[in-house]
Each structure stands twice: as C-alpha cells, then as structure tokens.
Amino acid sequence: MDRGDGSIKYILSGEGAGIVFTIDDTTGDIHAIQRLDREERAQYTLRAQALDRRTGRPMEPESEFIIKIQDINDNEPKFLDGPYVANVPEMSPVGTSVIQVTATDADDPTYGNSARVVYSILQGQPYFSVDSKTGVIRTALTNMDREAKEYYEVIIQAKDMGGQLGGLSGTTTVNITLSDVNDNPPRFPQKHYQMSVLESAPVSSTVGRVFAKDLDEGINAEMKYTIVDGDGADAFDINTDPNFQVGIITVKKPLSFESKKSYTLKVEGANPHLEMRFLNLGPFQDTTTVHISVEDVDEPPVFEPGFYFVEVPEDVTIGTTIQIISAKDPDVTNNSIRYSIDRNSDPGRFFYVDITTGALMTARPLDREEFSWHNITILAMEMNNPSQVGSASVTIKVLDVNDNAPEFPRFYEAFVCENAKSGQLIQTVSAVDHDDPHTGQHFYYSLAPDAANNPNFTVRDNQDNTARILTRRSGFRQQEQSIFYLPILISDNGQPVLSSTGTLTIQVCSCDDNGHVLSCSPEAYMLPVTLSRGALIAILGCIFVLLVLVLLILSMRRHRKQPYVIDDDENIHENIVRYDDEGGGEEDTEAFDIAAMWNPREAQVGGAPKTRQDMLPEIESLSRHVPQTCAVSSTVHSYVLAKLYEADMDLWAPPFDSLQTYMFEGDGSVAGSLSSLQSATSDSEQNFDFLTDWGPRFRKLAELYGASEGPASLW
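In UniProt numbering, the protein residues as written are 1 to 715.
This is the structure we're talking about:
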C-alpha cells in the first residue's frame, strides 16, 4: 500500500518503544537509540501499525514482532569466590588435588565461543598445575618440603573464546600452605651435656634440661624423653615439658657427695607419633650423654643408727654409762663432733652425755615408779660449724628392781566384840607394792618380831596376797583396854626381799548376841562445865601478858631492821668491813674433796658424802677451752655427776653459781698464771688519773686515788 508518497504514517509501541527503539514514521525503519546489552535484556517485544497520515485511520491491523539481541564477546570471565585459600600436606605426590577454582562468563554460552572458558596458571610453576577445563589445581612437584618453603601464591587465569586470540580473561589468587607431616626426625644439637647439682638438693628438684630439636611442628614435634642407660638411672629421673618439649632432669633419691661424686646418663628423645610412609627417613629418635657432677655441701652430723633403744635398771648408780652414742660428719673434712642433750626432751636432767665420746650417762637416780620411760634427743654439732646440728632419738626403758616394800593400801581399823571367842575372824587385810616383778607379786604376812607372842591376836596368811586377823582368846573388856595396836610384817618375793610393818588398830566394842556393835566407847565421865570467877581472872591475866610480849618483840625487830646510814662527809676509806667468808681460790677446798678428786673411788668410802652448805655448784661445758687431747675418765665423770646431784638436792645452799675448775695454771695453761709475785710492789706504781674522766659519780675515788696534790695524795 505504501507507494512512497508519504501518505502512510508508521507508529511503534511495546517494550522499549521511544526509549530504546524508535521508528521512522515515513519509511517504517526501526533504529536503536541506546547501547544494547544482551546480558541485561536478551529480547524485546514490539507492536507496529500503519496509519493514514491524513485521516489517521489504520491501514491494517497492528502487527507484533520480537527483536532478539545477538550476543557478542563483551564480558570477561570472573572468579566470584576468589581469592582462594588452600592447604596441602607437604611431601604429597605429584597430582594431589589442592583446590578447584571456577570462573563464570556472562556471555551467551549457546552462541559461539564467547562463554567458553579455559584455565591456565600464570604464577606458581613448577610447584602446581591447573586443569584447563575443570580448574582443579594439583601439585606438580615431588618432595615439596614445608621446612624449606611453607607458603605459595598461585595466580590462575580464566580466558573465554576457548583461549583463542582476542578472548577476554580474568585472574584470581590462590594462597596455598603446605601443612606439616612428621618427616623430620629429632636431633640433639649437643651430644654431651655437663650439669652439676648440690648433694643437699631435695628429691624432685630440677638438675637441668636437655632439648632434641625437631623441625616439624604441632603433634609431629612432640617429644618423649627417657633415660635408657647410665649409672644414674636410679638416682635421677627425666620428664617432658609439654609446652616447650624439653626434657627436665630431676633428682630421684637423696644424693651424697661422699658416696658418689658424678653420674652419667644416656638420654633418648623420640617422637611418639609416627607416619608409616616416612619411616624410611628415620630413625625418629636420638640420644645424648649427660654428665652430672655432685657438689659437696657442709652437712650436719649423721647418727649411726638414727634411733637408740636402751634398757637400764632403776637402781643404776649416778654416772653409769648406759649407751655410747655415735655420730660422724658425712663430709670429706670429717670435722670433730660435740654431743649434747636437747634439754626440752630431758627437763628433769636425768641424763648427761659426754661432749666428746658420746657416752650417755645417768645424772640423777632413776625411779621406774615415777618415770618408766624416757625419750630424749641427742644433738651432735660440728665443732667448726655450730650451725650444722644433727639429732637422734634415744628411748630409755627403766627396768624394775625390787626397791619398794609392800605396805597397806590404806589405814586399817577393826573392832572386836567383848563377847568374841577365840579364833574369831575380825579383819582381812591386803597389801600393795609399787614394783612390777616379772614373776608377779606375792606377799607374806606375819606378826612383827616384837609381837610374835601376842596373846590377843594372830595372823593367818591366805597365800593369795591377803591375810586374816584372828583372836587368840576371849573375854575382852573395854574398861581394861579399849584399843589394841597389832604390828603386821609384810614381805615380798623380790630379790632382795623387802618388808614393812603395818599397824592394825583394833577397838574393843560391846556387841549384842548376833555380833552387832552397840558401842565402841567407854562410858564418859561428867565434867563440870562452869568456871569460878578466880579462874576467869587468871585466864584474862595470861592473855594480857602475852599481848605485851608480842608488842615488845615487834618493836625490837623494827629497830633492828633500820639501815645503817653513812654520813657523806665521813671518810669512807676509814671504814673497815670484815668478811669471814672464804672465796673460791686455791685454799677453798670445801666444794670438793681434793683427795677424792685424785682418787675418785674413795669418794663414797666412809659413810655419807660430804655436803656443801655454802654454794650450789653448776657445771657448765668447757668444750671450747679444753684441748682436744684432753680425756676425762668415766670414773671422774661418775664422781662429778654424783657431786652435782648432791649439790642440786641440798636445799640449804645459797642460790648463787660456783664454778670449780680443777686444771693446772702457769705457762701453757688457758687460765695463765694466777701468782701475785709479778704484781706491782707498791701503790705508787699505779696511776689512777683516769678516774677524773669518769664523771661526778667517781669524784670521791678520784680525790682519794688521783694525782692531785693535798692530803688525799698521801694514799
């Protein structure tokens, strides 16, 4: 119908009409007025119609048509998930899959090769390769070692158009890390370790550390250390530190420098977690040698044995040696030992130990009935180092001897009826004995020798440690004798036999026919209860005289106690005070008998020992002043301990100390010379001028003895 004269007008409607597409209303040509993108819209549906230009009437019905956008290669491939991170075990075989990468192309895959993507590797060769079609990355090199290189950065390219020239491409980065495997055996960097430890180091204390280096990490670098050989396997132990994988050597038992000065250990370090495919790289353990030197320290003395048990009879004499305590210095120097008793363990001071020999002796009488056991602590001190003190326990059991006579357990009092018959039982008695014999106690009863022929009563031994008291006659009368005292001799079965006499008091009582007591007192006599006037006056007079005497005595005592006041102006040097007490010099022989000191066996001869009445001696240790070669016999020890006990028991001795030293004087003596022959011959040779510098308190003495001129200088 269109003759080309312009009478027909074309119009366009539908998707994109007037915006994307436009139509020439004269010719009907459709033009795109915008850039088309197939990836945004692949096709458009439009409607076109021809109208009469003059009338505007449609020339034919409206026609619909579709415009499809033909694809061109205008989109490069893109890795939507990049960059990638991957891990692969080291030493993996060639071709081990690492990761798969995927690139997408927005072009139409059904039209041409615009969307056909091909993968290639730009960086990461020769360690890795990529499948060109699937994008799978694989290992391309054998024996990749993490310890040599751990991290790899691989760049993968994806190109469309099948990789042909002119195709578009995109890249991504893949960070690949080699994970560790146990492919490196542990190795000690040192084949010999030198360590030292004090012999006083406590058990479980650290001696030193060893370390086996393993290039692996994590569980593959875990270590286990053991002692596989050496002479110190029983003295030391080794443990693994889980944090730092080092072997810690510790003390397993107490050490002694004197017993063994050095030890050698062979220590092994091994991986506990192994991989079978890498066993050919082993062995996965290594050994090293550790030399440990034990250093000497000053140790306290050691007792051999460390515990003593002693049995001693209670009648042992004072000064008897009951046990020799032995201790020695474990050090190489072997210092001298001094013994003593911990007084907290022996508050009663029953025992004494010799300071040099360790002889344990009795210092006081023992009494099993008072203390049957003694637990004392003996101390041993090094002479050159008093801070080093060892101790040992001594348990002393006091054995029983027959030193206590049997006696009545209580006061016995019996009664006998006036109508009692001969042979009648009036009392059963028993006895007690504080001793404890092994064979048991057995008592024997009889009348005392002075009452053996007692006509009134007799004793019958029951042979069971009791006895019966029987009457020998009848016809007792209160008026004749109301009380009888019956002495009974009690003997034991000990060695030696001991006995005592107990008295049984027997009252004569009036009884009924059945033997019940009616009265045990004789009839009382009535005494007058009133006093005359003269008697009262005499009593009051006596009381008055007693009061006067008491007041007189108190007054005399008060005058006697008034102190004697010395006038300050009185010349002090003219007062002469005489003391008749003898001092502790060479002429003082009252404390100890000199003859007995020369022959101690004579100390107990001739009766009771002599008691000092003017002082209480106290013997102190003179170990620091006594030469090492000085030895005191046990006899002298016994004598001195006996004398010390006598002085301690003397209640009349004044409460001051007295030190008696029986040694020699003169050249070579610790005391030096005590002679006054070399003293100043006159007072003029002495200078007392220093008294003037002592202050006002010594002014009087300075005037008397100083060098000032005047009458006082005549001194």
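Glycine included, every Cβ here is placed at the ideal spot set by N, Cα and C.
Is the beta carbon of residue i less than 9 Å from the beta carbon of residue j?
i: E314; j: D403; result: yes
i: V154; j: F128; result: yes
i: Y152; j: N175; result: yes
i: N73; j: G167; result: yes
i: P305; j: E382; result: no
i: P89; j: L215; result: no
i: I341; j: I378; result: yes
i: L491; j: S430; result: The amino acid occupying residue 491 in the given sequence is Ser; Leu does not appear at that position. Not a contact, by the Cβ cut-off of 9 Å.
i: Y44; j: I67; result: yes
i: D237; j: V251; result: yes
i: T356; j: Y339; result: yes
i: V210; j: V294; result: no
i: A359; j: R349; result: no
i: I469; j: I488; result: yes
i: G162; j: A103; result: no
i: G390; j: F303; result: yes
i: I19; j: I33; result: yes
i: H273; j: I219; result: yes
Reducing DSSP to helix, strand and coil, say where residue i ends up.
i: S713; result: No answer about S713 holds up, because its pLDDT of 37 lies below 50 and its placement is not dependable.
i: I594; result: A caution first: I594 carries a pLDDT of 47, below 50, which makes its placement in the model too unreliable to give a value.
i: E646; result: helix
i: G218; result: helix
i: C520; result: coil
i: T96; result: coil
i: R364; result: coil
i: K260; result: coil
i: A17; result: strand
i: P189; result: coil
i: T102; result: coil
i: K700; result: helix
i: A48; result: strand
i: F303; result: strand
i: H442; result: coil
i: P449; result: helix
Residue i: which of the options sits nearest, CA to CA?
i: F415; options: D400, F443, S446 and C509; result: C509
i: N419; options: Q34, R557, H516 and P58; result: H516
i: R473; options: S521, H442 and Q424; result: Q424
i: E222; options: G440, A201, T333 and A270; result: A270
i: V290; options: R468, Q194 and P186; result: Q194
i: G95; options: N385, A140, E150 and F309; result: A140
i: V394; options: S521, P386 and I376; result: I376
i: R477; options: L489, H438, K421 and V98; result: K421
i: T458; options: Q427, D435, K191 and D436; result: Q427
i: Q157; options: D105, I543 and H273; result: D105
i: S519; options: D354, C417 and I553; result: C417
i: A115; options: L644, G534, E39 and L691; result: E39
i: S387; options: D298, Y119 and D346; result: D298
i: T134; options: N143, T110, S7 and V98; result: V98
i: D436; options: V332, Q495, I23 and R35; result: Q495
i: residue 791; options: T172, T142 and N453; result: The chain is shown only over 1 to 715; residue 791 falls outside these bounds and no answer can be derived.
i: G56; options: I30, G6 and D450; result: G6
Mark residue i as exposed unless 16 or more other C-beta atoms lie within 10 angstroms of its C-beta, in which case mark it buried.
i: V497; result: exposed
i: F371; result: exposed
i: R699; result: exposed
i: L165; result: exposed
i: S204; result: exposed
i: P77; result: buried
i: M276; result: exposed
i: D286; result: buried
i: D107; result: buried
i: T471; result: buried
i: P189; result: exposed
i: T611; result: Reliability of the predicted coordinates at T611 is poor, the pLDDT of 44 falling under 50, and the value obtained from them is presented with this limitation in mind. The residue in question, T611, is exposed, as its Cβ has fewer than 16 Cβ neighbours within 10 Å.
i: H637; result: buried
i: H625; result: Model confidence at H625 stands at a pLDDT of 41, short of 50, so the residue's coordinates are unreliable; what they give is reported in the following sentence. When all chains shown are included, H625 counts as exposed.
i: R343; result: exposed
i: S196; result: exposed
Practice item. State whether the stretch 228-239 contacts the stretch 323-342, with contact taken as three or more CB pairs (one from each stretch) at a distance under 8 Å. Key: no
Review point. Should the stretch 255-262 be regarded as contacting the stretch 237-246, the criterion being three or more beta carbon pairs within less than 8 Å?
Key: no
Check your understanding: Can we say the stretch 392-411 touches the stretch 499-513, given the rule of at least three CB pairs closer than 8 Å?
Key -> yes
Practice item. Examine the Cβ distances between the stretch 460-468 and the stretch 426-442 and report whether three or more of them are shorter than 8 Å. Key: yes
Point to revise | Segment contact flag, the stretch 38-58 with the stretch 5-23, C-beta cutoff 8 Å, min 3 pairs | key: With the cut-off at 8 Å, the stretch 38-58 and the stretch 5-23 touch.
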